[in-house]
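Peer 1: This structure is in structure tokens; I'll ask about it shortly.
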Amino acid sequence: MTPPRWCCWSWSKSLVSRLLLEYDGSRFAGWARQPGLRTIQDEVERALGVLLRVDAVPLVVAGRTDAGVHAWGQVASYLGPPVAVRSVNALLPDDVAALSCVEAGPAFDARRDATSRAYCYRVLARGAPSAFERGRALHFPRPLALDALSECAAALVGEHDFTAFTPTDTYHARFVRQVFAAYWRCAADVLEFWIEADAFMRQMNRVLVGTMLEVASGGSLTVESVVELLSGRPRSAAGRTAPAHGLYLAGVGYGGERVLRDGGGA
């Protein structure tokens, strides 16, 4: 006899679980569910529904990543009991993995309760492409001035108006963001841009990276230009939007706890 399936609202409203995920975004149309497209939300909710024997397990997510963006530390919450990580991974495709699943506080909301989010953008800075970094880092063959990259990143720390770093047709009503940390780190041929802020706007990280690469490769923009852009300039004044495949959601902070260590990544 097949056990009955219930709507998840039959559980106590105080039973909330916190799920930590990582995924390769290459073959996804982003996090959020979209009709006819493969999304991370669909895959995870489907797996949870099977394990919890319910018709729906709506997830609240800390960061709605775009198509092609990866995650090392995505956090989601749902109404219901925790599931065994081994069991949920057996139902997930090989480009999504659950790292942990624990009971959270009764009012925990992965998005609303997040006090910071941290991202990493990876750039393969060498002449030849890489067979292994393809889809994992932006290949940038032109020489880069590392000191210019560092100066640009340092200018981002603090409270600024990031209007220039999000598309004109944005849904955002507020463009001021508080950046807690921003720096570049070199690991052999790969340059990594790390940033943590209270919140991010759509494509903000990718436009920041595209702009900084233009500065560091001798383009028309300068470090001084980046400083000026932080005062609410139009999108057209900033650089290009870097491709999605170099971007990773590194982690999410709660209760004021920071994700990034000083200069040392997540």
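Counted from 1, the sequence shown has number 1286 at position 168 by my numbering; the numbering is strictly sequential. Cβ atoms here follow ideal geometry from the backbone N, Cα and C, with glycine treated the same way. Being a predicted model, the structure only gives us computed values, none of them experimental.
1) Is there a C-beta anywhere in chain C that falls below 9 Å from the one on T1288?
2) State the CB to CB distance for the pair G1371 and S1195, rounded to an integer number of angstroms; the pair is presumed to be in contact (CB under 8 Å).
3) How long is the line joining the alpha carbons of R1324 and A1266, rounded to whole angstroms?
4) For A1362, does the three-state DSSP call read helix, strand or coil?
5) E1385 by DSSP, collapsed to three states: which one?
6) Is A1360 closer than 9 Å to L1264 when the C-beta atoms are compared?
7) For a test of the three-state rule: what should DSSP assign to L1256, helix, strand or coil?
8) Out of curiosity, what's the CA-to-CA distance linking C1219 and C1238?
9) Closer than 6 Å by C-beta to H1188: which residues in its own chain qualify, once you throw out the five before and the five after it? Chain order, please.
10) Tell me which same chain residues have a C-beta within less than 6 Å of the C-beta of H1257, skipping the five on either side of it?
11) Leaving out the 5 sequence neighbours to the left and right, which residues in its chain are closer than 6 Å to S1268 when beta-carbon positions are compared?
Peer 2: Here's the rundown:
1) The structure shown contains no chain C; it holds only a single protein chain.
2) Position 253 of the sequence shown, counted from the start, is the residue given in the question as residue 1371. Position 77 of the sequence shown, counted from the start, is the residue given in the question as residue 1195. About 15 Å; that fails the 8 Å criterion.
3) Here residue 1324 refers to the residue found at position 206 of the sequence shown. Here residue 1266 refers to the residue found at position 148 of the sequence shown. Going from the Cα of R1324 to the Cα of A1266 covers about 17 Å.
4) Mapped onto the sequence shown, residue 1362 falls at position 244. In the structure shown, A1362 sits in a helix (DSSP, three-state: H, G or I).
5) The structure shown does not extend to residue 1385, since the chain is modelled only from 1119 to 1384, so the question has no answer here.
6) On the sequence shown, residue 1264 is found 146 positions in, with the first residue counted as 1. On the sequence shown, residue 1360 is found 242 positions in, with the first residue counted as 1. Against a cut-off of 9 Å, the Cβ pair of A1360 and L1264 comes out as no contact.
7) By 1-based counting over the sequence shown, the position of residue 1256 is 138. Note: L1256 maps to strand in three-state DSSP.
8) As a working mapping, residue 1219 is identified with position 101 in the sequence shown. As a working mapping, residue 1238 is identified with position 120 in the sequence shown. Rounded to whole angstroms, C1219 to C1238 spans 24 Å at the Cα level.
9) Against the sequence shown, residue 1188 aligns to sequence position 70. Result list for H1188: D1142, G1143 and Y1366, in chain order.
10) Counted from its first residue, the sequence shown places residue 1257 at position 139. Excluding residues within five positions, the ones whose Cβ falls inside 6 Å are L1242 and P1247.
11) Working through the sequence shown from its first residue, we reach residue 1268 at position 150. W1302, listed in sequence order.
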